[in-house]
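Chemist: Pasting a structure below so you can have a look.
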Amino acid sequence: MPAAKPLLLIPVENQVRELDPKLLLACIAARQGFSSVIGSRREMEMRIDAFPRSIYLSKSMTVRSLLFFWAASKFGHDIITWDEEALVHLPPETYFSRRLNPRAIRYVTHLFAWGEENAELWRQYPHLPPHMPIHVTGNPRSDMLRAELHGYYADEMEAIRRTYGNFILVNTNFNHVNAFGADMNLFKAVKRPGQTPRFGRAARGMSREYAEGLRDHKQAVFEDFQRMIPEIEKRFPDHLIVVRPHPTENHEAYRQIAARCRRVRVTNDGNVVPWLLCAKALIHNGCTTGVEAFVMRIPAMTYRVTVND
0 MPAAKPLLLI
10 PVENQVRELD
20 PKLLLACIAA
30 RQGFSSVIGS
40 RREMEMRIDA
50 FPRSIYLSKS
60 MTVRSLLFFW
70 AASKFGHDII
80 TWDEEALVHL
90 PPETYFSRRL
100 NPRAIRYVTH
110 LFAWGEENAE
120 LWRQYPHLPP
130 HMPIHVTGNP
140 RSDMLRAELH
150 GYYADEMEAI
160 RRTYGNFILV
170 NTNFNHVNAF
180 GADMNLFKAV
190 KRPGQTPRFG
200 RAARGMSREY
210 AEGLRDHKQA
220 VFEDFQRMIP
230 EIEKRFPDHL
240 IVVRPHPTEN
250 HEAYRQIAAR
260 CRRVRVTNDG
270 NVVPWLLCAK
280 ALIHNGCTTG
290 VEAFVMRIPA
300 MTYRVTVND
């Protein structure tokens with residue numbers, strides 16, 4: 000009698016972005032004879048000792064993972080990892096310092112890459128353990144974009160079209176300068192004029208020069224978007240403008256715009272895929288959803304009034 004396959008533990012941190020793809024992964028794993036547990040990342044990590052020896056699928060290898068990886072390995076769990084942020088990423092040196100921890104990665108037994116570019120990025124990492132297996136498998140987030148899976152979102156798409164009709168989708172990603180928590184920005188607010196701002200959580204692993212440049216650029220583009228949204232409402236009188244902020248953004252600036260504009264709506268309900276499928280076009284700047292729209296053949300435009308290469 001063949002040995003039972005280990006349990007697959009699939010944690011979810013951002014439900015809107017991660018749950019659907021990870022349900023797909025669990026279904027595919029079930030076809031191969033694996034049982035899965037899907038749940039809150041926090042709850043799963045707090046109760047890791049309650050599970051039999053399992054395969055734990057982590058979404059990152061940062062310094063924040065280090066203590067948990069150590070504990071999970073003590074309880075006999077195998078840790079495999081992909082990186083949710085590796086499809087559209089910062090320059091290699093900044094990516095390495097922010098997303099990869101040399102001690103945490105030692106606990107990982109297998110890496111799963113979005114594609115060959117992601118795999119090559121990891122191969123350049125100076126602290127990659129020798130002989131670390133890197134599997135170029137893709138990611139279930141991209142699998143959910145396939146035409147044969149669009150029916151999964153049929154009910155959501157019907158509700159979106161019924162509520163919003165014809166609309167242009169504006170996806171924002173200014174969480175580095177417009178986070179819902181002030182300490183989550185690149186820099187914390189100063190208490191006195193002339194005071195040097197301290198790093199916020201978004202600047203972890205960055206040099207001050209890089210963080211300041213990124214802050215200035217993101218702030219300029221954020222202001223560009225605030226001017227652009229009312230303008231496109233005027234230019235397209237037969238469409239609603241739906242602004243979908245990043246999950247960790249503060250919505251207040253967009254709500255103020257919506258209060259002044261009759262056809263601007265602000266929401267980030269549900270997974271982005273059905274919104275993309277219903278939209279007449281997408282406007283973004285450096286957002287992963289631009290790649291997702293391209294894959295699904297949805298017209299996508301990068302709004303680049305401010306450019307800093």
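All letters in the sequence shown, in the order written, are residues 0 to 308 by numbering that gives the first Met the number 0. C-beta: ideal position from N, C-alpha, C; glycine also.
1) Let me make sure I understand the geometry here. Which of Gly-269, Asp-154, Gly-38 and Asn-170 has the alpha-carbon closest to that of Pro-10?
2) Does Tyr-151 come out as helix, strand or coil in the three-state DSSP assignment?
3) What residue range does the alpha helix (DSSP H) around Phe-224 cover?
4) If you scan the stretch 18-106 from start to end, which runs of the beta strand (DSSP E) of 3 or more residues do you find wholly inside it?
5) For Met-183, which three-state DSSP category applies?
6) Assess contact between the stretch 268-277 and the stretch 210-227, defined as three or more Cβ pairs (one per stretch) separated by less than 8 Å. Is contact present?
7) Thinking Leu-110 and Met-131 are a contact (beta carbons under 8 Å), I'd like their distance in whole angstroms, please.
8) Going by DSSP, what residues sit across from Asp-10 in a beta bridge?
9) What's the C-alpha gap between Glu-17 and Arg-140?
10) Among Ile-231, Cys-26 and Glu-115, whose alpha-carbon lies nearest the alpha-carbon of Val-263?
11) Please list, in chain order, all residues of the same chain as Gly-289 whose beta carbon is under 6 Å from its beta carbon, the five residues on each side excluded.
12) Residues in its own chain within less than 7 Å of Pro-128 by CB, not counting five upstream and five downstream?
13) Taking the C-alpha atoms as reference points, what is the distance between Ala-181 and Ala-188?
14) Would Leu-86 and Trp-69 be called neighbours here (beta carbons separated by less than 8 Å)?
15) Output the boundary residues of the beta strand (DSSP E) element that contains Val-135.
16) Measuring straight from C-alpha to C-alpha, what distance separates Ala-146 and Ala-153?
17) Given a threshold of 16 other Cβ atoms within 10 Å of its Cβ, counted over all protein chains shown, does Ile-27 qualify as buried or as exposed?
18) With distances taken from CA atoms, which of Asn-170, His-175 and Ala-258 is nearest Tyr-302?
19) Quick check for students: name the residue ranges of the beta strand (DSSP E) that lie wholly in the stretch 246-277, counting only runs of 3 or more.
20) Sort out for me which residues DSSP pairs Leu-110 with in a bridge.
21) Among residues of its own chain, excluding the 5 on either side of Phe-293, which ones have a beta-carbon nearer than 8 Å to its beta-carbon?
22) Just tell me which of Leu-65, Asn-165 and Thr-287 has its CA closest to the CA of Asn-172.
23) Determine, using beta-carbon pairs with one atom in the stretch 85-100 and one in the stretch 38-58, whether at least three such pairs fall under 8 Å.
24) Excluding five sequence neighbours on each side, which residues of the same chain lie with their C-beta closer than 8 Å to the C-beta of Glu-115?
25) Do you know offhand how far Leu-281's Cα is from Ile-167's?
26) Report, in whole angstroms, the separation of the C-beta atoms of Tyr-94 and His-76, which I expect to be a contact under 8 Å.
27) Which residue marks the beginning of the alpha helix (DSSP H) containing Asn-117, and which one marks its end?
Modeler: According to the data block:
1) Gly-38
2) helix
3) 207-234
4) 35-39, 53-57 and 77-80
5) helix
6) no
7) 6 Å
8) In the sequence on display, residue 10 carries Pro and not Asp. Note: Pro-10 sits in a beta bridge opposite Gly-38.
9) 7 Å
10) Ile-231
11) His-283 and Ala-299
12) Ile-104 and Arg-105
13) 7 Å
14) no
15) 133-135
16) 12 Å
17) exposed
18) Asn-170
19) 263-265
20) Thr-80 and Ile-133
21) Ala-299
22) Thr-287
23) no
24) Val-135
25) 6 Å
26) No, Tyr-94 and His-76 are not in contact; Cβ-Cβ is about 26 Å, not under 8 Å.
27) 115-122
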